[in-house]
Every structure is written in C-alpha cells, then in structure tokens.
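**Q** In our numbering, the protein residues as written are 1286 to 1418.
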C-alpha cells in the first residue's frame, strides 16, 4: 500500500481526522498494513493488544456480529487490559493499519488533538472484559 493511501485512509477516520497532513505522514510512515479475508480471526479473547488497529476498509466484528469502531485497542494498550471478545473480519474482510505500542505512546504525547479524539468517544472502555453475572 502506498504512503498516500495510508494517509488518506487515516484521514477518513476519527481521531486521525483531527490531524494535519504533516502529522498524518509521520504516522502513516510507521504503520503496518494487515489484510484480513472475510471471517478471518483477528484477535482471540483474553489477549493484550500490542498494536492500535485503524480499520481503513471493511470492518472488524465481535462475537455475535457487533462492529468494532474503526480505531480500537487503545484501552488494551494503555492499561494492558486483555480484550473481552474474539474479533473477526467482517463479511467483506478488512484492511487495517497497525500502530505499535511505542508509536502509539509517541502519537499521544506529540499530538494532543489525537488524544482528545479518544476522550470524546462514547464508549471509552473499548474492549473491556465483560463483568461476570
């Protein structure tokens, strides 16, 4: 995937849409592209993520079919919290840009507008473990 495709993919999703193109270039240069075929397992329940996921095409779904937000994994990265659901690629597959934990921390520190984008989300818990009944 070309750098320009990564930049425009990031620019199309929140909180990356808050950033200017020079910031997006810096981020796009450190991302890794991962493509998932329809139904492919992305992450198994109970794992602590080591990368932030930015879904730029298709979708990632939880058990039961509920779609994940286009950017996920920040809670697992920040709190070392295991995810509480198996995640799979949706019916049309998915293309994700993956950002390592170290680069994620650097982005949080250098781009406060990016950080504010996470604070404005309606479900800040991200992939929390389900509470036992």
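Every residue gets a Cβ at the ideal spot worked out from N, C-alpha and C, and that includes glycine.
Since the model is a prediction, treat every value here as computed from it, not as a measurement.
What first and last residue would you give for the beta strand (DSSP E) that runs through residue 1385?
**A** Where residue 1385 is concerned, the enclosing beta strand (DSSP E) stretches over 1372-1385.
**Q** Residue 1391 to residue 1351, Cα distance in whole Å?
**A** So the two alpha carbons sit approximately 30 angstroms from each other.
**Q** What are the boundary residues of the beta strand (DSSP E) that residue 1293 is part of?
**A** Note, residue 1293: premise wrong, no beta strand (DSSP E); alpha helix (DSSP H) at 1288-1296.
**Q** Using only the alpha-carbon positions, how far apart do residue 1363 and residue 1287 sit?
**A** Answer to the nearest angstrom: the Cα atoms are 29 angstroms apart.
**Q** Using beta-carbon positions only, say whether residue 1336 and residue 1401 come within less than 8 angstroms of one another.
**A** Against a cut-off of 8 angstroms, the Cβ pair of residue 1401 and residue 1336 comes out as no contact.
**Q** Using the Cα positions of residue 1367 and residue 1389, report the straight-line distance between them to the nearest angstrom.
**A** Spanning the two alpha carbons is a distance of roughly 17 angstroms.
**Q** Within 10 Å of its beta-carbon, does residue 1294 have 16 or more other beta-carbons around it, so buried, or fewer, so exposed?
**A** Answer is buried; the Cβ neighbour count reaches 16.
**Q** Keeping to the same chain, check which residues put their C-beta closer than 6 angstroms to that of residue 1386; ignore five residues upstream and five downstream.
**A** So the list reads 1335 and 1362, once near-sequence residues are dropped.
**Q** Roughly how far, in whole angstroms, is the beta-carbon of residue 1374 from the beta-carbon of residue 1324, given that I think they are within contact range, below 8 angstroms?
**A** Sure, about 6 angstroms apart at Cβ, within 8 angstroms.
**Q** Just the C-alpha distance for residue 1396 and residue 1339, rounded to the nearest angstrom, thanks.
**A** Going by the C-alpha atoms only, they are around 17 angstroms apart.
**Q** Which ranges would you report for the alpha helix (DSSP H) in the segment 1325-1378 if only whole runs of at least 4 residues count?
**A** The qualifying runs are 1359-1364.
**Q** Report the residue from 1398, 1393, 1380 and 1321 whose alpha carbon sits nearest the alpha carbon of residue 1290.
**A** Closest option to residue 1290, Cα to Cα, is 1380.
**Q** What residue range is occupied by the uninterrupted alpha helix (DSSP H) comprising residue 1310?
**A** Residue 1310 -> alpha helix (DSSP H) spans 1306-1313.
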